[in-house]
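These notes concern the structure reproduced below.
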Amino acid sequence: MAKIIKPLTDSQVKQAKPQDKPYKLADGGRLYLYVSKLGAKSWRMDYIKPINKKRATITLGLYPDVTLSQARIQRKVSIRNSKKLITSKRKYYYLITRLQPLPRTT
Numbered sequence: 000m001a002k003i004i005k006p007l008t009d010s011q012v013k014q015a016k017p018q019d020k021p022y023k024l025a026d027g028g029r030l031y032l033y034v035s036k037l038g039a040k041s042w043r044m045d046y047i048k049p050i051n052k053k054r055a056t057i058t059l060g061l062y063p064d065v066t067l068s069q070a071r072i073q074r075k076v077s078i079r080n081s082k083k084l085i086t087s088k089r090k091y092y093y094l095i096t097r098l099q100p101l102p103r104t105t
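By numbering that gives the first Met the number 0, the letter at position 7 of the sequence shown is numbered 6, and the numbering carries on one by one without gaps.
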């Protein structure tokens with residue numbers, strides 16, 4: 000069963016302090032705040048590439064420049080764009096496989 004994650008608040012993001020190891024603060028919907036050992040904060044999103052089924056990460060921006068609400072909007076846009084990209088790649092691969100010339104027999 001999926002774990003229920005409470006959305007982050009602005010105060011939680013501001014109060015995130017560096018620790019001995021980098022860590023993540025989850026916001027839900029694959030979006031999280033990555034806090035490095037040195038204290039740099041960046042918004043990231045994990046997803047699975049549909050073509051090769053491998054996990055990948057998108058960095059949406061650094062915290063003071065990209066706010067929590069902006070990161071949530073960028074997450075939605077990234078998901079929409081990835082779906083459009085998937086369908087266009089599928090069409091491309093379909094056309095490539097269908098339009099290849101037949102092998103010559105001599």
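C-beta atoms are modelled at their ideal positions from N, C-alpha and C, and glycine is treated no differently. Please read these numbers as outputs of a predicted model, since none were measured by experiment.
Under the DSSP definition of a beta bridge, SER41 partners with TYR33 and LEU61. Nearest C-alpha to GLN11 among ILE50, LEU37, THR66 and TYR46: THR66.
Under the DSSP assignment, ASP9 falls in the alpha helix (DSSP H) whose first and last residues are 9-14.
With 16 or more neighbouring CB atoms inside 10 Å of its own CB, LEU7 falls in the buried class. Judged by their CB atoms, GLY60 and SER35 are not nearer to each other than the 8 Å cut-off.
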